[in-house]
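Residue numbers (the numbering used here): 88 to 529.
A virtual CB, placed ideally from N, CA and C, is assigned to each residue, including glycine.
Report on the following structure.
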Amino acid sequence: MAATAGLIVFGPWLHYALRAGARRAGLGPFIPGLVLLAGALSLAATVATLPLVWVTFGRVSLVGPLANLVAEPLFVVAFTLSALTAVAGAAWPEAGWAAGLAAYYPLAFLTWFAETLGGVPLASAAVPGRSSTVAAAAYVAMGAVAWPAYRHLAPAEPGGGRHRHTGMVRGIALAAVAGGMAIAALLTGVEREGGPGEMEITMLDVGQGDAILVTTPHGRRYLVDGGPSGIELARELGAVLPHWERRIEGAFLTHPQEDHAGGLPAIFARYRVGAAFDTGAENPTGTLREYGARAPGRKVLGQGDSFEADGVRFEVLWPPRGLSTDDLNGSSLVLRITYGETAALLTGDLGVEGQQALLATTQLSADILKVPHHGSKTTSAAFLFAVEPSVAVIPVGAGNRYGHPAQETLDALAGAVVLRTDQHGRVTVASDGKRITVRTER
């Protein structure tokens, strides 16, 4: 809405200003009118959306106006062909298929162009101090500055006459749009500024496997394991992330088995992943070789490693560095994630021996537990009692052939709220640092 309003209100004035500027600079004969019009429209959309983009993402694009010069004409082509696909497909499927094939190429190029340009250094700049009040004030300022210009300097053809009422009408429209966008900016920031941010831990429903998305209060995202399938993982991420979001700060692989690693190579191809973290354990399968080849900035973690992001602390509890074992489950990466007074324990497929070792050396109490190894019989009751979670989540596939989760494990979790992805779908546990809230897909 903001971009469209900008095209209507700012577009004509910016077009006039660019044409007048080109004429005064003696460049009028050399710059095609369509180029000036496209530039004006691109600037108009950028100006109108800038405060909303900033208050939503904390960043502003530095290449947007230039990128739009390429994207706008292609979008017209793609939109026309897409509409033709829908209309033709309803009457004659073969014609719809042909039109859809034609629409694919400009759409694919636009996707590639946006992702490539977005990855260029300095394509955008982080602007700290997001404030819906400041964004709203920016729209009011736009109206205050431009109102006199629209009333008394209505856009006209360079060298031509002005229509007295045009400036008044556009001025009123400008005031209405600026006021509306100011209200939108305030509403956009109400939840963001209304209280402390939340950490979210989402157990994705990828079938018989683990994939966990951790989101910090300021929107940084970390993926712990990738489930058995890149298709399933992409579907789940697409359901919880905005369609334009292609950034994941880091991806952790708890241990190199297909039900935890299978989806990661595809995500490395589809998303911009800052770094890949694992224990260094090896498992010579095709998927794991692909993981090793594609993993960006791969780093090996061990017991005692930690880092913090937006007040969320990630601490590695297991395995010890240099652990030598043929048991891949036993070498699973165990992460303790804390935010304020809330702690979560992500355990991979850690078996009984590893659980017993942690019991002897580590304070395990946590509010949120990702139950080890899909709730199998290898989950120690003593371990579960030591953790004493309020919420226990079991990622597990419906009707799996392993009998997960085991009844003994469910019995040992009797004091917790137990959620299963096969029954509840995607599970999100959120915390403001004190209180916990739970959302389930079903």
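Please name the residue or residues paired with residue i in a DSSP beta bridge.
| i | result |
| --- | --- |
| Tyr72 | The structure shown does not extend to residue 72, since the chain spans only 88 to 529, so no value can be given for it. |
| Val540 | The question about residue 540 has no answer here: the residues shown for the chain are numbered 88 through 529. |
| Phe394 | Phe401 |
| Phe339 | Val311, Phe364 |
| Val387 | Asp365 |
| Ala430 | Thr425 |
| Arg334 | Arg359 |
Going straight from the alpha carbon of residue i to that of residue j, what length do you get?
| i | j | result |
| --- | --- | --- |
| Thr465 | Leu415 | 14 Å |
| Val150 | Gly98 | 19 Å |
| Val478 | Asp454 | 6 Å |
| Asn155 | Thr449 | 54 Å |
| Pro180 | Thr374 | 38 Å |
| Leu540 | Gly512 | Examination of residue 540 is not possible in this model, given that the chain is present from 88 through 529 alone. |
| Gly379 | Asp365 | 10 Å |
| Leu168 | Ala186 | 6 Å |
| Gly502 | Glu475 | 8 Å |
| Val403 | Leu420 | 7 Å |
| Pro343 | Arg307 | 25 Å |
| Ala201 | Thr91 | 20 Å |
| Ala107 | Ala132 | 20 Å |
| Asp312 | Asp392 | 18 Å |
| Arg251 | Ala222 | Confidence is the limiting factor: at Arg251 the pLDDT is only 49, short of 50, which leaves the residue's position unreliable, though a coordinate-based value still follows. Going by the C-alpha atoms only, they are around 32 Å apart. |
| Leu101 | Pro138 | 18 Å |
| Gly296 | Ala231 | 56 Å |
| Pro208 | Phe166 | 30 Å |
| Arg548 | Gly350 | The question about residue 548 has no answer here: the residues shown for the chain are numbered 88 through 529. |
| Val480 | Met290 | 8 Å |
| Ala158 | Phe401 | 40 Å |
| Gly183 | Thr172 | 5 Å |
| Ser129 | Pro160 | 11 Å |
| Val164 | Pro193 | 7 Å |
| Gly582 | Ala213 | Missing from the structure shown is residue 582; the chain here goes from 88 to 529 and no further. |
| Tyr358 | Thr412 | 33 Å |
| Ala430 | Leu451 | 9 Å |
| Val327 | Gly113 | 52 Å |
| Phe355 | Phe117 | 45 Å |
| Gly276 | Val142 | Below a pLDDT of 50, predicted positions are generally treated as unreliable, and Gly276, at 46, falls in that range; no measurement from the model is reported. |
| Arg526 | Leu445 | 30 Å |
May I ask which residues mark the beginning and end of the beta strand (DSSP E) holding residue i?
| i | result |
| --- | --- |
| Ala362 | 359–365 |
| Ala421 | Ala is not the amino acid found at residue 421; the sequence shown has Val there. Here the beta strand (DSSP E) through Val421 covers 421–426. |
| Ala212 | 211–213 |
| Leu437 | Where Leu437 is concerned, there is no enclosing beta strand (DSSP E), given that its DSSP letter is neither H nor E. |
| Val301 | 299–302 |
Let me know if residue i comes out buried or exposed under the rule of 16 or more other beta-carbons within 10 Å of its beta-carbon.
| i | result |
| --- | --- |
| Pro383 | exposed |
| Val122 | exposed |
| Leu188 | exposed |
| Gln510 | exposed |
| Ser518 | buried |
| Ile318 | exposed |
| Pro329 | exposed |
| Asp498 | exposed |
| Ala135 | buried |
| Pro119 | exposed |
| His461 | buried |
| His347 | buried |
| Asp436 | buried |
| His491 | buried |
| Arg423 | buried |
| Gln390 | buried |
| Gly281 | Bear in mind that a pLDDT of 37 at Gly281, under 50, signals an unreliable position, so the model cannot answer this. |
| Gln494 | exposed |
| Arg75 | As displayed, the chain neither begins before 88 nor continues past 529, which places residue 75 out of reach and without an answer. |
| Thr220 | exposed |
| Phe472 | exposed |
| Phe470 | buried |
| Arg507 | buried |
| Trp405 | buried |
| Lys457 | buried |
Just curious, the alpha helix (DSSP H) that residue i is in, first and last residue?
| i | result |
| --- | --- |
| Glu323 | 317–327 |
| Thr374 | 373–381 |
| Glu345 | 345–348 |
- Message: Which runs of the beta strand (DSSP E) at least 3 residues long sit entirely within the segment 125–208? Give them in chain order.
- Response: 146–148
- Taking the runs of the beta strand (DSSP E) that are 3 residues or longer, which of them lie wholly in the segment 449–524? 455–457, 478–481, 504–507, 514–518
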